[in-house]
Each structure stands twice: as structure tokens, then as C-alpha cells.
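Novice:
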Amino acid sequence: MTAFLDLPLSPAEWMAISLSLKVALWATVLSLPLAVLLAWLLARREFWGKQLLNGLVHLPLILPPVVTGYLLLLTFGRRAPVGAWLEQTFGLVLAFRWTGAALAAGIMGFPLMVRAIRLAIEAVDPKLEQAASTLGASRLWVFATVTLPLILPGVIAGALLGFAKAMGEFGATITFVSNIPGETQTLPSAIYAFLQVPGGEAAAWRLVILSVIIAMTALLLSEALARRAAKRVSGQ
Numbered sequence: 009m010t011a012f013l014d015l016p017l018s019p020a021e022w023m024a025i026s027l028s029l030k031v032a033l034w035a036t037v038l039s040l041p042l043a044v045l046l047a048w049l050l051a052r053r054e055f056w057g058k059q060l061l062n063g064l065v066h067l068p069l070i071l072p073p074v075v076t077g078y079l080l081l082l083t084f085g086r087r088a089p090v091g092a093w094l095e096q097t098f099g100l101v102l103a104f105r106w107t108g109a110a111l112a113a114g115i116m117g118f119p120l121m122v123r124a125i126r127l128a129i130e131a132v133d134p135k136l137e138q139a140a141s142t143l144g145a146s147r148l149w150v151f152a153t154v155t156l157p158l159i160l161p162g163v164i165a166g167a168l169l170g171f172a173k174a175m176g177e178f179g180a181t182i183t184f185v186s187n188i189p190g191e192t193q194t195l196p197s198a199i200y201a202f203l204q205v206p207g208g209e210a211a212a213w214r215l216v217i218l219s220v221i222i223a224m225t226a227l228l229l230s231e232a233l234a235r236r237a238a239k240r241v242s243g244q
């Protein structure tokens with residue numbers, strides 16, 4: 009294994025790494041605002057269908073990833089109603105493109121983001137928000153000036169978890185966008201491809217080690233930020 013790690017990364021490996029970072033970054037950035045909104049709704053509001061919404065948010069965690077990818081293909085494929093409309097209206101193609109990989113990765117990491125942010129919001133004393141409301145502040149202003157600063161470590165922790173999940177997503181991505189080098193071949197797809205050819209174990213090992221390092225870094229950072237958020241809310 010040491011010999012494997014001493015070898016320089018090939019252009020194909022670098023391409024898979026850069027594409028994974030690009031996909032994970034866009035998946036996280038585009039998912040985060042919606043994750044914050046849904047986390048706030050689930051933590052602070054009572055409404056009809058709340059449990060159904062909560063179930064839908066967490067559905068990607070319990071569904072086989074291949075099922076999620078197939079549903080995305082049926083919905084956003086070039087011949088599917090939504091996919092055809094997006095292409096004709098905005099020129100946006102998702103199936104078998106890196107944009108589709110970002111969508112699949114964002115959906116798979118979305119439940120982790122929502123859960124982390126929701127826990128951070130639930131840890132904030134509602135009386136602090138109520139006090140600001142009694143002074144005439146709007147609900148949006150209360151969230152921006154009171155809630156958001158208190159939950160910011162939780163938001164960052166959720167974003168890191170979503171990013172790590174997006175980096176490691178395989179099943180939904182390969183089902184929806186296939187495994188096209190330079191276009192949709194992310195780290196997990198590249199590892200799978202290298203393991204299918206003779207002599208590809210060295211490259212696969214290097215990418216596996218990089219994947220473990222990225223995932224562990226994100227987990228450690230998210231845990232540290234979660235502890236910081238808890239101390240901040242409790243006033244320690």
C-alpha cells in the first residue's frame with residue numbers, strides 16, 4: 009500500500025478528484041438555503057403534513073441509492089417532462105452531465121444537512137426569538153439577527169456533512185448520470201472503474217485513501233462545530 013501512495017496521481021485521478029470537488033461544492037451551495045428553510049419549518053412551525061414533509065426530507069437516507077437515481081432519471085431525463093422542460097426553457101441538461109451528478113449528490117446529502125441544522129435550531133431558546141419579536145422585529149429579521157448567529161456552527165456542520173456525503177455519493181449518481189470520464193466520473197465512480205481493469209488497484213487505493221481523509225476531516229470538523237454550537241447556546 010505504501011508503494012501505491014508514493015506514486016503520483018495520474019491525470020484521470022486528478023480529473024476525478026477535481027470533478028468530485030466541483031460536484032460536491034455546487035451540491036452543497038445550492039442545497040444549503042433550502043436546508044435552512046426546511047430545518048426552521050420543522051423545528052419551529054406546526055402545520056398539517058409536517059410529519060409527511062419530514063419523511064420526504066429523510067427518504068433518501070433509507071431508500072436504496074439506485075432507486076433515488078432511477079427516480080431522478082424518470083423525472084429529469086431528457087425525455088422526461090421536467091427534464092425536457094428545463095432543456096427547452098433554460099438549456100439545462102441534467103441526465104448524463106455533471107450538473108445531474110450535483111443534483112443527485114445534493115439530494116443524497118440533503119437529509120444530513122437538514123438534521124444538523126434542525127438540531128441547532130431546536131437548541132436555541134425560543135424565548136430569545138420571542139423577545140425580539142415583542143420589540144417589533146419581523147420574523148425574517150429575528151431569524152437573521154438572533155437565530156442565525158446562534159445556529160451558525162450548526163449550519164456549517166450541516167454543510168460539511170452534506171459536502172462529505174456528496175463527495176462519496178455513488179449509487180444515485182451512477183444510475184442517473186452514468187460513469188463518463190471527465191464529465192460524470194467522480195471519486196467513487198473512478199474507484200469502481202479502476203477496480204474493473206487489471207492493474208487498477210494502485211489508483212483505486214490512492215483514491216480510497218483520499219476519500220477516507222476527506223470524509224474524516226469533514227466529520228471531525230462537524231463534531232467540533234456541533235460542540236461549539238451547544239456551548240454557545242448554553243452560554244458556557
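If you count by this note's numbering, then the sequence shown holds residues 9 to 244, one letter each, in order.
For every residue, glycine included, the Cβ atom is placed at its ideal position computed from N, Cα and C.
(1) Three-state secondary structure (DSSP) at G91?
(2) For G99, name the three-state secondary structure that DSSP assigns.
(3) Look at the Cβ atom of L195, then the Cβ atom of S219, and state whether they are nearer than 8 Å.
(4) Drop a sphere of 10 angstroms on the beta-carbon of F55, count the other beta-carbons inside from all chains shown, and report buried for 16 or more, exposed for fewer.
(5) Taking only three categories from DSSP, how would you classify V205?
(6) Are the beta-carbon atoms of V122 and A43 separated by less than 8 Å?
(7) Using a Cβ distance threshold of 8 Å, determine whether the stretch 116-131 contacts the stretch 208-225, with at least three qualifying pairs required.
(8) Rounding to the nearest angstrom, what Cα-Cα distance links L102 and S186 in this structure?
(9) What are the boundary residues of the alpha helix (DSSP H) that includes W22?
(10) Using 8 Å as the Cβ pair cut-off and three pairs as the minimum, do the stretch 101-116 and the stretch 68-79 touch?
(11) Using only the alpha-carbon positions, how far apart do V205 and W48 sit?
(12) My output table needs one value for D14: the three-state DSSP class, helix, strand or coil.
(13) State the start and end residues of the unbroken alpha helix (DSSP H) segment that holds W149.
Specialist: Per the coordinate set shown:
(1) Residue state, collapsed to three classes: helix.
(2) coil
(3) yes
(4) exposed
(5) coil
(6) yes
(7) no
(8) 11 Å
(9) P19 to R52
(10) They touch, by the three-pair rule.
(11) 47 Å
(12) With a pLDDT of 48 at D14, under the threshold of 50, the modelled position of this residue cannot be trusted, and the question is left open.
(13) R147 to V150
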